[in-house]
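Whatever position you read off the sequence shown (first residue = 1), add 294 for the working numbering. Idealized CB from N, CA, C, for every residue including glycine. Below is one structure; the comments refer to it alone.
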Amino acid sequence: MVSDVETLGAMLARANRVLVVTGAGVSTESGIPDFRGPNGIWNTRRPVYFQDFVGVERKRIVYWQQHSEIHAAHGHAEPGPVHRACARLDQAGRLRAVVTQNVDGLHHDGGLSSDKVIEVHGTGRKAACLDCGAAVPIADAVGEFRATGVPPMCTECGGLMKPATISFGQQLDPLTVQRAIDAADECDLVIALGSTLSVYPAADISIRAASRGVPYAIVNQGATDHDGDPLVTLRIEGEVGTVFGEAVEIALHSA
């Protein structure tokens, strides 16, 4: 009897333009906390909405305090099995793109170039000016805040500096969203890994691809919002890195 992992491997073996959608479950395998989980920061702290960050000084201070915690939590995290498996697919010429909800940058560290990684919720690796767009490494901005207790300002134009992640109430970057849409329209297989598929519009990307008749597989520990959807071809409950890593090896060795 063929296992689900072997079935996923066969799906990967038949594909040449794989779109991978990754969520927090991929980062937790690298030791990064799930900030939306039961004990995550967004369930234990009130989030600062974008309009409050822009308009209220004390809210900016709270935001930078929260982001300092997030920066510390990311620590020295290294790429996990999903990041490495995506790089293996790319090296084999089979990867169209990775659309990720994660902001930790580990897909880059895992070996993917910027043109293959679509970070729909931005990146936690830099802070950027909301006015002129000038950017600095996040460690520098966090270090300045910790030293002074004052939210950093842009040295180029004096505008507000903010971690280059998408905050609650902040609009997604339209060019990044379009890149994700293009990938969904061009892939021949879509796989969602480590995501509850409950955060939109990121969760729409895999459905957009599946609506074209593209095979759609989900691997996650725990329920997702797409469970039971007739567009889903294969649903695997299990450790994301183990399942996907084994499936990629099956696909590449059967080529």
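Rounded separation between residue i and residue j - CA only
i, j, result
"A545", "H401", "20 angstroms"
"A517", "T490", "6 angstroms"
"A422", "V397", "14 angstroms"
"G535", "G317", "12 angstroms"
"D467", "R502", "19 angstroms"
"V436", "T459", "14 angstroms"
"V493", "L406", "24 angstroms"
"G532", "V376", "13 angstroms"
"N333", "P327", "At N333 the pLDDT is 48, less than 50, meaning the model places this residue with poor confidence; the figure from the coordinates comes in the next sentence. Cα to Cα, N333 sits roughly 9 angstroms from P327."
"G284", "A504", "Beyond the ends of the chain as shown, which are 295 and 549, falls residue 284; an answer cannot be given."
"E300", "A541", "6 angstroms"
"P495", "A433", "29 angstroms"
"A304", "P509", "12 angstroms"
"I530", "S297", "10 angstroms"
"H370", "G399", "12 angstroms"
"A391", "L469", "15 angstroms"
"S461", "S548", "43 angstroms"
"E450", "Q515", "45 angstroms"
"T527", "V356", "44 angstroms"
"L389", "K410", "8 angstroms"
"S408", "G349", "33 angstroms"
"G452", "R340", "28 angstroms"
"R447", "V414", "One detail in the question is off: residue 447 reads as Met in this sequence, not Arg. Spanning the two alpha carbons is a distance of roughly 25 angstroms."
"P524", "R506", "13 angstroms"
"D519", "A366", "30 angstroms"
"I292", "A428", "What the structure shows of the chain is the stretch from 295 to 549, and residue 292 is not part of that stretch, so it cannot be assessed."
"Q465", "E363", "23 angstroms"
"A478", "L424", "29 angstroms"
"R473", "G488", "21 angstroms"
"Q360", "V471", "26 angstroms"
"A497", "I475", "11 angstroms"
Opening and closing residue of the alpha helix (DSSP H) in which residue i lies
i, result
"T322", "A318 to T322"
"Y357", "E351 to H368"
"I544", "V534 to S548"
"L469", "P468 to E480"
"I326", "No alpha helix (DSSP H) holds I326; DSSP gives it neither H nor E."
Range of the contiguous beta strand (DSSP E) that encloses residue i
i, result
"K569", "Because the chain spans 295 through 549 in this model, residue 569 falls outside it and cannot be assessed."
"Y412", "First, the amino acid is wrong: residue 412 is Ile here, not Tyr. I412 -> beta strand (DSSP E) spans V411 to E413."
"P431", "A429 to P431"
"G418", "G416 to C423"
"A391", "L389 to T394"
"I512", "Y510 to N514"
"A517", "No beta strand (DSSP E) holds A517; DSSP gives it neither H nor E."
"V484", "L483 to L487"
Proximity below 9 angstroms, CB of residue i to CB of residue j
i, j, result
"F538", "L454", "no"
"V513", "I499", "no"
"C380", "G404", "yes"
"P431", "E351", "no"
"Q599", "G463", "Residue 599 is absent from the model: the chain starts at 295 and stops at 549."
"P373", "K420", "no"
"V393", "V342", "no"
"H368", "G418", "yes"
"R354", "E543", "no"
Residue i Cβ short of 8 angstroms to the ligand NAD heavy atom set
i, result
"H361", "Looking for the ligand NAD in the displayed structure turns up nothing, as the structure carries no ligands at all."
Test: residue i CB closer than 9 angstroms to a CB of chain B
i, result
"D523", "No chain B appears in the structure shown, which is made up of a single protein chain."
Whole-Å CB distance - residue i paired with residue j, under 8 angstroms assumed
i, j, result
"A511", "L313", "So it is not a contact: roughly 11 angstroms between Cβ atoms."
Do the segment 435 to 447 and the segment 304 to 323 touch if we need at least three Cβ pairs shorter than 8 angstroms?
Between the segment 435 to 447 and the segment 304 to 323 there are fewer than three inter-stretch CB-CB distances shorter than 8 angstroms, so the stretches are not counted as touching.
contact_flag[the segment 303 to 317, the segment 470 to 488] where n(CB pairs < 8 angstroms) is 3 or more
yes
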